[in-house]
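Undergrad: The structure that follows is given in the form of structure tokens.
Protein chains: 2
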Amino acid sequence: MSDVARLAAVSRQTVSLVLRDAPGPSAASRTAVLAAVDELGFQANTSAQLLRQERTRLVGVMFEPRITFESRFVECLLERASRERLGVVLGPVTPERTTEVVVRELLGHRVEALGCFNPDPSSPALRTAISRLPVVWLGERSVDELVDAVHSDDVAGLRLIVEHLVGLGHRDIAYAGGLGGRVGPDRADAYRRAMTEAGLADCIDQLPVGFREEDGAAAARVLLARDHLPTAVIGCSDHVGAALISVFSRAGVRVPEDVSVTGYDDSDIAALSYHDLTAVRQDADLNAAEALAAMMRRLDNPDSEPRDTATPATLTIRGSTGTARGSEDGGLRPSGHVG
Amino acid sequence: MSDVARLAAVSRQTVSLVLRDAPGPSAASRTAVLAAVDELGFQANTSAQLLRQERTRLVGVMFEPRITFESRFVECLLERASRERLGVVLGPVTPERTTEVVVRELLGHRVEALGCFNPDPSSPALRTAISRLPVVWLGERSVDELVDAVHSDDVAGLRLIVEHLVGLGHRDIAYAGGLGGRVGPDRADAYRRAMTEAGLADCIDQLPVGFREEDGAAAARVLLARDHLPTAVIGCSDHVGAALISVFSRAGVRVPEDVSVTGYDDSDIAALSYHDLTAVRQDADLNAAEALAAMMRRLDNPDSEPRDTATPATLTIRGSTGTARGSEDGGLRPSGHVG
DNA sequence: TAGGATTCTTGGCACGTGCTAAGCAATGCC
DNA sequence: GGCATTGCTTAGCACGTGCCAAGAATCCTA
Numbered sequence: 046m047s048d049v050a051r052l053a054a055v056s057r058q059t060v061s062l063v064l065r066d067a068p069g070p071s072a073a074s075r076t077a078v079l080a081a082v083d084e085l086g087f088q089a090n091t092s093a094q095l096l097r098q099e100r101t102r103l104v105g106v107m108f109e110p111r112i113t114f115e116s117r118f119v120e121c122l123l124e125r126a127s128r129e130r131l132g133v134v135l136g137p138v139t140p141e142r143t144t145e146v147v148v149r150e151l152l153g154h155r156v157e158a159l160g161c162f163n164p165d166p167s168s169p170a171l172r173t174a175i176s177r178l179p180v181v182w183l184g185e186r187s188v189d190e191l192v193d194a195v196h197s198d199d200v201a202g203l204r205l206i207v208e209h210l211v212g213l214g215h216r217d218i219a220y221a222g223g224l225g226g227r228v229g230p231d232r233a234d235a236y237r238r239a240m241t242e243a244g245l246a247d248c249i250d251q252l253p254v255g256f257r258e259e260d261g262a263a264a265a266r267v268l269l270a271r272d273h274l275p276t277a278v279i280g281c282s283d284h285v286g287a288a289l290i291s292v293f294s295r296a297g298v299r300v301p302e303d304v305s306v307t308g309y310d311d312s313d314i315a316a317l318s319y320h321d322l323t324a325v326r327q328d329a330d331l332n333a334a335e336a337l338a339a340m341m342r343r344l345d346n347p348d349s350e351p352r353d354t355a356t357p358a359t360l361t362i363r364g365s366t367g368t369a370r371g372s373e374d375g376g377l378r379p380s381g382h383v384g
Numbered sequence: 046m047s048d049v050a051r052l053a054a055v056s057r058q059t060v061s062l063v064l065r066d067a068p069g070p071s072a073a074s075r076t077a078v079l080a081a082v083d084e085l086g087f088q089a090n091t092s093a094q095l096l097r098q099e100r101t102r103l104v105g106v107m108f109e110p111r112i113t114f115e116s117r118f119v120e121c122l123l124e125r126a127s128r129e130r131l132g133v134v135l136g137p138v139t140p141e142r143t144t145e146v147v148v149r150e151l152l153g154h155r156v157e158a159l160g161c162f163n164p165d166p167s168s169p170a171l172r173t174a175i176s177r178l179p180v181v182w183l184g185e186r187s188v189d190e191l192v193d194a195v196h197s198d199d200v201a202g203l204r205l206i207v208e209h210l211v212g213l214g215h216r217d218i219a220y221a222g223g224l225g226g227r228v229g230p231d232r233a234d235a236y237r238r239a240m241t242e243a244g245l246a247d248c249i250d251q252l253p254v255g256f257r258e259e260d261g262a263a264a265a266r267v268l269l270a271r272d273h274l275p276t277a278v279i280g281c282s283d284h285v286g287a288a289l290i291s292v293f294s295r296a297g298v299r300v301p302e303d304v305s306v307t308g309y310d311d312s313d314i315a316a317l318s319y320h321d322l323t324a325v326r327q328d329a330d331l332n333a334a335e336a337l338a339a340m341m342r343r344l345d346n347p348d349s350e351p352r353d354t355a356t357p358a359t360l361t362i363r364g365s366t367g368t369a370r371g372s373e374d375g376g377l378r379p380s381g382h383v384g
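Sequence order for the protein chains is A and B.
Going by our numbering, the letters in the first sequence line up with residues 46 to 384, in that order.
Going by our numbering, the letters in the second sequence line up with residues 46 to 384, in that order.
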């Protein structure tokens, strides 16, 4: 910065004022400084700025880069945070970078709030973080009284799907999912609840698999091996839904004529024309907005109680769901070549 | 840190020495300091450390979080960098965060080297970066004389695929791809070259689409609308390959019995059991290693010339490729329901 | 022209850390 | 007992910036 000042023939402080466009510097100094900045390619040292400032105006996010929904969330958070003049420090989780490592790193950057996907609640660094800053659990209910939580409303989401399917005449509605973190069981509970509310408690049929495509394929194979296929299968994620369709399709089972299939997330995958998947929309941007709101609320008012926010679920109806095949055909058996 | 020193009844400097485990402090001081650190949950201020240090030992990566390959690359880079005691600053690109914004941010953090996926070469900040630090183009050839480049060897990759298919008796080998950045055209060129080398110049058949699944679906529909299907289709990405399979499959065209399909990347998608896609492996970890090596080489020896590194391609053979259908059947026409 | 108001500029300290050099106590040696 | 040596501790400066308060220059008014 001194170099810039020398070139512009002003003092370092004037340069600082111009760069922050604070009142003071004359128009002449301003243009001189900006010209010098441009010529030297000057860029202020972020570390020095952060060190000097009273507040860092940074928030941290702990997430797993390979999980699509989390990456999308991060993108949305970045854009929303910049509108609030907040910076975002990314804390990518990998096999070697555990909750503990990532949270320590974020605390080292003096973030003022923290959002965590799938955190390890036993991490000591996370415990300290919770005791000092607003921490928001992302994508799942909180078990901790001291943290906020922002996640989509699975109960409402599964109610929407089940109602949609029931409206199409379905009764044998299976669910592929239930494993994985806290969300897995929660969402499966929501399925059972929705089925019970619809008076279909005796049709509950859960295939315990995880969220990945491989899990959906496994569930599909289990179903194909049975004597009798359900008329609809709800996947716990878009990946699972897409895999269900692909495996069914290869086995000669038509979607939605023979079986209706749904996903969960309404990500890019669901919208793909060759999947065309009816799915509950989990709005990454809305979740990012709520997470940021929760952080800001507790930063502005440190005494406010942590809350659990369930963002509304909506249903995007596409071509993978249709009227249930008539009960008179006595159950469909897979035919054709099995992939 | 002063708080820690007070609690441990030593000076701030002793605390600093213990935390860096530098020689000096006695065993008694060490344990006292560590106990105090633990009790207070102290975490050194990264900004202050970076400001004080001569070198930051940071490298920056500009990438797009929603692109799977780039996220995987980042994960690998994180792990490799930590082994070299280097930090990684992530520079996520989003619609609002352009090359210019991201590179400025990274320069502000005083990174010592920079890796960029799909950069906008006209960005002024990027020009300054190139003039000051080792910059590595990621995933594509460099056009600039002043930057390194690390990308997988597309020429070798397409030669492997074409040879594999020719070995299975294929001649009518189409290519779905060619659009998108610099890689798109490059990879299509590699296809044409491989076909020519195999003596199949007159069979070259390129469908100009991009890298996304939607693009693959579009290409598949174009092919299905023709009188005559090729016996093999090479997708420019796993996404494209998977989409080709899905659309073919729905149209009653069997893979690989009727048409062989390949992908490019060998990502998780290719390995999915219901895709089971033969694909060229683009090794994210190897690319990360080479990128890091390039940065470190130029940091250690600032005068060394930038290089273009093509990482070796290998072929992962799975179930989506098989012997070409006999020429005697006079070309296959799609049958069954089209999805 | 003097005095005050206004506009612009700058001296100097602080942020939290790393590191050099100096200080201090204990021990060994002659 | 004096002096060097060793082991441990600490005083104090520097990193690059923001900001307060004080200084300098200019303009306006009497």
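Glycine included, every Cβ here is placed at the ideal spot set by N, Cα and C.
Can you give me the C-alpha to C-alpha distance between B:Leu224 and B:Glu242, rounded to a whole angstrom?
TA: Those two C-alpha atoms are separated by around 23 Å.
Undergrad: Under DSSP, the alpha helix (DSSP H) around B:Tyr319 begins and ends at which residues?
TA: No alpha helix (DSSP H) contains B:Tyr319, which DSSP labels as neither H nor E.
Undergrad: Taking C-beta pairs closer than 8 Å, name the residues in chain B that A:Leu135 reaches, listed in chain order.
TA: The answer, in chain order, is Leu135 and Pro137.
Undergrad: Contact criterion: CB-CB distance below 8 Å. Does A:Ser294 meet it with respect to chain B?
TA: Closer than 8 Å to some Cβ of chain B, the Cβ of A:Ser294 qualifies, so yes.
Undergrad: Identify, in the order they occur along the chain, each residue of the same chain with its Cβ nearer than 7 Å to the Cβ of A:Val119, setting aside the five sequence neighbours on each side.
TA: Cβ neighbours of A:Val119 beyond the five flanking positions: Val106, Phe108 and Leu135.
Undergrad: For the putative contact between B:Asp303 and B:Arg370, defined by C-beta atoms under 8 Å, what is the C-beta separation to the nearest angstrom?
TA: The Cβ separation is near 6 Å, so the contact holds.
Undergrad: Which first and last residues belong to the beta strand (DSSP E) in which B:Gln58 is found?
TA: Careful: B:Gln58 lies outside any beta strand (DSSP E), inside the alpha helix (DSSP H) at Arg57 to Leu64.
Undergrad: In whole angstroms, what is the alpha-carbon distance linking B:Gly261 and B:His284?
TA: Those two C-alpha atoms are separated by around 7 Å.
Undergrad: Report the rounded CA-to-CA distance for B:Gly86 versus A:Thr139, giving the unit in angstroms.
TA: Answer to the nearest angstrom: the Cα atoms are 24 Å apart.
Undergrad: Within a Cβ cutoff of 6 Å, which residues of the same chain sit near A:Val180, ignoring the five residues on either side of it in sequence?
TA: Only Leu159, Ala174 and Val192 meet the Cβ criterion.
Undergrad: Using the C-alpha atoms, what's the distance from B:Arg142 back to A:Ala93?
TA: So the alpha carbons of these two residues sit roughly 23 Å apart.
Undergrad: Can a CB atom of chain B be found closer than 8 Å to the CB of A:Ala89?
TA: Closer than 8 Å: yes.
Undergrad: Within 10 angstroms of its Cβ, does A:Arg343 collect 16 or more other Cβ (buried), or is it exposed?
TA: So A:Arg343 ends up on the buried side.
Undergrad: Decide yes or no for the touch test of the segment 227–242 of chain B against the segment 285–300 of chain A: beta carbon pairs closer than 8 Å, at least 3 of them.
TA: In short, these stretches do not touch, since the Cβ pair count stays below three.
Undergrad: A:Gly223 by DSSP, collapsed to three states: which one?
TA: Residue state, collapsed to three classes: coil.
Undergrad: If we cut at 8 Å on Cβ distances, does A:Glu120 have a partner in chain B?
TA: True, the Cβ-Cβ gap to chain B drops below 8 Å.
Undergrad: By the 10 Å Cβ neighbour count, where 16 or more other Cβ atoms means buried, how is A:Ala339 classified, buried or exposed?
TA: Classification of A:Ala339: buried, given that the 10 Å Cβ count is 16 or more.
Undergrad: In terms of DSSP beta bridges, what is B:Ile279 paired with?
TA: Answer is B:Tyr220 and B:Thr307, bridged to B:Ile279.
Undergrad: Please list, in chain order, the chain A residues whose beta carbon lies closer than 9 Å to that of B:Gly153.
TA: The contacting residues are Gln88, Ala89, Asn90, Thr91, Ser92 and Gln94.
Undergrad: Taking CB distances under 8 Å as the criterion, tell me whether B:Tyr319 reaches chain A.
TA: Taking Cβ atoms only, chain A reaches closer than 8 Å to B:Tyr319, which makes this a yes.
Undergrad: Distance cutoff 8 Å, beta carbons only. Does B:Ala369 sit that close to anything in chain A?
TA: By this cut-off, B:Ala369 is not an interface position.
Undergrad: Look at the Cβ atom of A:Leu252, then the Cβ atom of A:Ala277, and state whether they are nearer than 8 Å.
TA: Not in contact: A:Leu252 and A:Ala277 (Cβ atoms no closer than 8 Å).
Undergrad: First and last residue of the beta strand (DSSP E) that includes B:Val181?
TA: Counting along the chain, the beta strand (DSSP E) containing B:Val181 begins and ends at Val180 to Leu183.
Undergrad: Using a Cβ-Cβ distance under 8 Å, would B:Thr173 count as near chain A?
TA: Chain A contact via Cβ: present.
Undergrad: Name the DSSP beta bridge partners of B:Gln251, please?
TA: DSSP output for B:Gln251 lists B:Tyr220 as bridge partner(s).
Undergrad: Could you work out which residue in B:Asp189, B:Leu245 and B:Ser187 is closest to B:Gly214 when comparing CA atoms only?
TA: That would be B:Leu245, whose Cα lies nearest to the Cα of B:Gly214.
Undergrad: Along the chain, where does the beta strand (DSSP E) containing B:Thr361 start, and where does it finish?
TA: Segment Thr359 to Thr361, the beta strand (DSSP E) holding B:Thr361.
Undergrad: Have a look at B:Leu96, B:Asp165, B:Arg177 and B:Ile112 and flag the residue whose alpha-carbon is nearest the alpha-carbon of B:Asp348.
TA: Answer by Cα proximity: B:Arg177.
Undergrad: State buried or exposed for B:Gly367, treating a residue as buried only when at least 16 other CB atoms are found within 10 Å of its CB.
TA: Classification of B:Gly367: buried, given that the 10 Å Cβ count is 16 or more.
Undergrad: Assess, as a yes-or-no matter, whether the segment 193–202 of chain A is touched by the segment 324–337 of chain A under the definition of 3 or more beta carbon pairs within less than 8 Å.
TA: Enough Cβ pairs lie closer than 8 Å, so yes.
Undergrad: For a contact meaning CB atoms closer than 7 Å, what does A:Leu123 contact in chain B?
TA: Within chain B, the residues near A:Leu123 are Pro137, Thr139 and Arg142.
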